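Counted the way the UniProt record's numbering counts, the sequence shown spans residues 1 to 739.
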Amino acid sequence: MILRSLELRHFGKFGERNFEFRRGMNLIVGPNEAGKSTLVEAIPAVLFGVRNKERYRPWGRQGSCEAALVLEARERTVRIERDILSDRVALVERDDLYHTLYQFEGKVSPQGRSSERSEYLEQLARLFGVADEDIFRASLFFGQGSLEVSGQGGMAAKIKTLLSGFVEVDYDRVLQTLQDDYFAITRQNPWGKDKTRDRELDEVRKRLEQLESRWFAEQGSLKDLETLRTELAELSRFIEAGRSDYDKGERYLVWVRKQLEVEEKAAQLRRDLQRLDQQGDKIAALQQRRAGIEKELQAAGLPRKLPEKLPQLLTESETVRQELVAVQTEAASLREQLLALPKPAWQWRLGATLAGVSAAAGALAWNSEWLIWCAGGTLALLAGLWAPHVFQLFRFRSEMSGLQGQAQVLEERRLEVQARLAGLDEQFDQVGMRPSSIERIKMLRNLEKHRELANQLREVESALGVLDAESHLTAEKEESVRELALLEERLEKERPKHREAMLTREELSEAEEKLRSLGEELREKENRLLELTRREAALQGELADLERIEEEGALLREREACLGRRSQAFRSAFDMLAGAVDEFRKTYLERFSSDIGESLATVTGGRYSEVRLEDDFRLLLRTRGSQWQPVEHFSRGTVDAVYFAVRLALTRHLAGGRRLPLLLDDPLVNLDATRLADTLSILEKISAEHQVVLLAHDERLLRQAARERWNVIPLEKFKTPSPQDLQERNEDVRQLYLL
C-alpha cells in the first residue's frame, strides 16, 4: 500500500494544495519554515485527528480546515477525508473498477468514546494493521530530528504486543481477565501479597465458621434458658411487690407534701396579717408625725411650699437692711460731729480792737507826733488779734466742708439702699408676699428650720407613698383573715388522728430520697427484666434455628467446593497461559533483537551489530569490550542509528502482509556523511518494498534524487547560500564530526 496523494484545504500555512506521490523514494524538499513538518503532520491528523486544533487553523481566517489522503493498494483504493475542526470523517474503499467496497461517515474525535469511533478504528486496523496514533508514530512515522521509540509505559507494551503477533488476540488482557476472575472468587494470592477485601469464597468460609460456632453455642442454650427463666420469675415477683410499695409511698408523700404546703400557706397568711398590723401602726404614726410637722411649718410664718426665690430674697433683704442701718448709723455720727465742731470766737477780738483803736485815737489826740507810733501799734494789735482768728476760721470751714461731703455720700448710699429695698419689695410682690421688715427678719430666722421641717415632711410623705393605702390594707387584711379561716378549717378536717405520725419537712426529704432509690432500683430491675426477656426470645429463636443452620451449612459447603474448583481452574489456566506467553514473547524479542542487529550493522558499517531488548523494552548495545551498555551512554549519532534500526525492524514486523509507507520528517540530521549515505542506501533498498516519503531541507539530496530518479516534491525554490552561510554550515559539520 502506498500514499498516492495528499490534499490540504486551509491546513496550517497551506491554502489549497495537492501533493502527488509515487512508489519507491519520494523526497519533499524545502528550506526551513517552508511547511514540511506541517505537510507530514497532516497524515496522522487525517487518520487520528488533532487535539490542539488551533495549531493548524489558518491565521486570520474563520472557516473550514480540511485534509484528505488517498491510499492505493492492489485492486483497491482508500480515500479518507477529515474536517480538522469538527472531526467529521469520511472513509471510502473502492476496487479497481471504482465499485464501493466499504463506506463510513461520522464524527471521530481523538478523545471520544462513541460507537462511530470504535467502528472507524476497526477499519484502520483492518486496512493498515495500526489503529493507534502512538503505535503509528513509533513505527511508520519518523519525527523531525529524532528516531527514538519510548521504551516506558503503555507504548512499550503495545509494541511488544504487536511484535508477538497478538494483534488479533490480546493475551495480556486474557491473562488479566483470568486473574480478575480468580480474585473475584478469593483474595488469596498465590503469585504475591493477598488482597485486603474478602471475596465470595472467603465470605463463604467465614460464614461457615460462624454457623459452626453458633451450632455449638446452641447446645448450651437449653440450660441457659432454664436459668434465665428462673431469674425472670424472681425479677417479676420483686418488681410487682416493689411497684406496689412505690405507688403507695408516692401517694402518701404527695398527701404529706400537700399538707405541708397548706400549713406553710397558713403560716404565711399569719405572717402577712402580722405584717399588715405592723404596717397599719406605722401608717398611723407617720400620719401623726405629718400633722405635727405641718403645725410647726404654720408657726414658722412661711408658706408650706417655699417659692424658689424666697430664700434669696430674704437673704438679700436682710443684707440691704443691715446696710441701711449702717448708713443711718454713720449719718447720725456725722451729724453729731457737725454739731460738735467749735466755731472761732470773734466777739472779744472785736472789743479788744475797738479798745485799742480808741486808745490810739486818745494818744494821737494827746500828742499828734505819736501818729506813727499809734498807727504801728494799732496795726500790730490788729494783726495779733485777727490773724489767729482767720486761721481758725479757715480750718473750721475746711472741716465743715469735709463733713458735709461725707454726709452727701452717705445720703447717696441711703438713697441707693432704699432703691434696692424698693426693688426687693417688688420681687416679694411677684412671689405673692408683702412681709414687713420684722416679718422678713422672722422668716429669715425660721428659714433653716422650715427647710428641716420640709425635708422631714417629704420623708414622711415618701414613706406613706411606699406603704399601701389604709383602705387597701383593710381589704387585704380582711381577705387574709377569710383565707386563713378556710385553710384552718381544711387542716382540721384532713388532720390525722395521730398528729405526731405525720412527717416533718426534714423527714419528707429523707422519705423522698428512699422512694427515689426504690424507683431507680425498680427501673434497673425492669431494664434487666426487659433484657432477659429479649435474651429469652433470642435463645428461643436460636433453638428454633438449629435446623435452618444445618440446612444453610450444607448449601454453603456445596458452594465452597464449587468455588474452590473454579479458583483452582482459573489459577491453573493463568499459570499455563502466562508461561506460554512469556516463552512466546521471549522468542519474538530475540528474533526482533536479531533483526535490529542486522539493520544496525548496515547503518553503522559493522561497528555495532548486536542489540539486546530487555523485558521493559530497554535497549542495550554490545561494545567492543563485549559489555552491554544502555544506548543512552552512546553519542547522539549512534543513538539515532540504533533507533532508526529499531524503526526498520519494527516496520518489517508490523507490515506482515501489508507494505505500508514510511514517513521520515528529516530524522537523519545528526548522522555524519558516511552514516547518512549508508542510511539512504538502506532506505533505497527498503523503498523496493515500502514507499518512503523523506522530508529534508538539505538541497544536496536533490543531486542524489536526480541521480537515483526519486520523485521530488519541492515546496519552495532554494536561495543561493552566501559565503557566510557556507562558513557557518561548515563549522556546524565540523562540530557534528567532533560529537
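Note that beta-carbon positions come from the ideal geometry of N, C-alpha and C, so glycine has one too.
Since we're looking at a predicted model, the values are computed, not measured.
Among the options, the one whose alpha carbon lies nearest that of residue i
i       : options                               : result
Ala-485 : Arg-700, Gln-268 and Gln-540          : Gln-268
Arg-612 : Leu-680, Pro-630, Glu-689 and Gln-404 : Pro-630
Asn-18  : Ile-28, Glu-7, Leu-27 and Gly-24      : Glu-7
Gly-249 : Glu-536, Ala-332, Thr-651 and Glu-513 : Glu-513
Lys-258 : Leu-508, Phe-634 and Arg-79           : Leu-508
Trp-386 : Leu-364, Ala-361 and Leu-354          : Leu-354
Glu-489 : Pro-714, Val-262 and Gln-337          : Val-262
Leu-529 : Leu-701, Asp-180 and Leu-235          : Leu-235
Leu-124 : Arg-395, Leu-660 and Phe-216          : Leu-660
Arg-205 : Glu-590, Glu-583, Leu-563 and Val-639 : Leu-563
Leu-69  : Lys-107, Gln-103, Glu-294 and Glu-20  : Glu-20
Glu-590 : Ala-641, Ser-139 and Ala-649          : Ala-649
Val-78  : Ser-462, Trp-366, Met-1 and Glu-16    : Met-1
Leu-421 : Ser-317, Glu-119 and Ala-363          : Ser-317
Glu-461 : Asp-181, Ala-641, Gln-103 and Ile-283 : Ile-283
For residue j and residue i, the rounded distance between their alpha carbons
i           : j       : result
Ala-285     : Arg-275 : 15 angstroms
Ser-109     : Asp-87  : 6 angstroms
Gly-519     : Val-256 : 19 angstroms
Ala-73      : Gly-129 : 14 angstroms
Val-50      : Val-693 : 21 angstroms
Glu-699     : Ser-64  : 34 angstroms
Ser-213     : Phe-183 : 27 angstroms
Arg-197     : Phe-48  : 41 angstroms
Glu-93      : Lys-53  : 27 angstroms
Glu-476     : Asp-281 : 15 angstroms
residue 742 : Arg-658 : Examination of residue 742 is not possible in this model, given that the chain is present from 1 through 739 alone.
Gly-154     : Leu-39  : Because the pLDDT at Gly-154 is just 44, under 50, the model does not fix this residue reliably, and the point stays unresolved.
Asp-677     : Phe-141 : Reading the sequence as shown, one finds Ala at residue 677 and not Asp. Going from the Cα of Ala-677 to the Cα of Phe-141 covers about 21 angstroms.
Ser-114     : Gln-704 : 48 angstroms
Phe-391     : Gln-408 : 26 angstroms
Glu-459     : Ala-419 : 41 angstroms
Ser-5       : Ala-42  : 12 angstroms
Ser-599     : Gln-691 : 18 angstroms
Glu-674     : Thr-100 : It is worth fixing the name first, because residue 674 is Thr in this sequence and not Glu. Rounded to whole angstroms, Thr-674 to Thr-100 spans 48 angstroms at the Cα level.
Cβ neighbour criterion (16 or more within 10 Å) applied to residue i
i       : result
Asp-194 : exposed
Ile-372 : exposed
Pro-190 : exposed
Gln-287 : exposed
His-498 : In this prediction, His-498 scores a pLDDT of 44, lower than 50, which makes its location untrustworthy; the coordinate-derived value is nonetheless stated afterwards. Under this definition His-498 is an exposed residue.
Leu-415 : exposed
Ser-3   : The residue you asked about is not Ser; residue 3 is Leu in the sequence shown. Buried: at least 16 other Cβ atoms inside 10 Å.
Ser-150 : At Ser-150 the pLDDT is 48, less than 50, meaning the model places this residue with poor confidence; the figure from the coordinates comes in the next sentence. By the neighbour-count rule (16 or more Cβ atoms within 10 Å), Ser-150 is not buried but exposed.
Asn-26  : buried
Trp-710 : buried
Ala-131 : buried
Residue(s) in a DSSP beta bridge with residue i
i       : result
Ala-184 : In DSSP, Ala-184 forms no bridge with anything.
Trp-628 : Arg-622
Phe-104 : Leu-91
Thr-77  : Glu-72 and Arg-94
Pro-665 : According to the sequence displayed, residue 665 carries Asp and not Pro. Partner(s): Leu-695.
Arg-528 : Arg-528 is not bridged to any residue.
Leu-6   : Phe-19 and Leu-69
Asn-711 : Asn-26
Val-611 : Leu-621
Phe-14  : Phe-11
Phe-128 : DSSP output for Phe-128 lists no bridge partner at all.
Whether residue i touches residue j by CB criterion (9 angstroms)
i       : j       : result
Val-646 : Ile-596 : yes
Glu-75  : Ala-90  : no
Arg-622 : Tyr-608 : yes
Leu-85  : Arg-57  : yes
Arg-137 : Ala-67  : no
Asp-272 : Ser-517 : no
Arg-187 : Asp-202 : yes
Ala-360 : Cys-374 : yes
Gly-30  : Gly-12  : no
Ser-37  : Asp-665 : yes
Leu-260 : Arg-505 : yes
Leu-577 : Leu-178 : yes
Val-535 : Leu-175 : Checking the sequence shown, residue 535 turns out to be Arg, not Val. Result no, Cβ atoms of Arg-535 and Leu-175 do not sit closer than 9 angstroms.
Glu-264 : Leu-457 : no
Leu-487 : Gln-279 : no
Pro-44  : Glu-133 : yes
Heavy atom of the ligand FAD within 8 angstroms of residue i beta-carbon
i      : result
Leu-69 : Here there are no bound small molecules, and the ligand FAD is not part of this structure.
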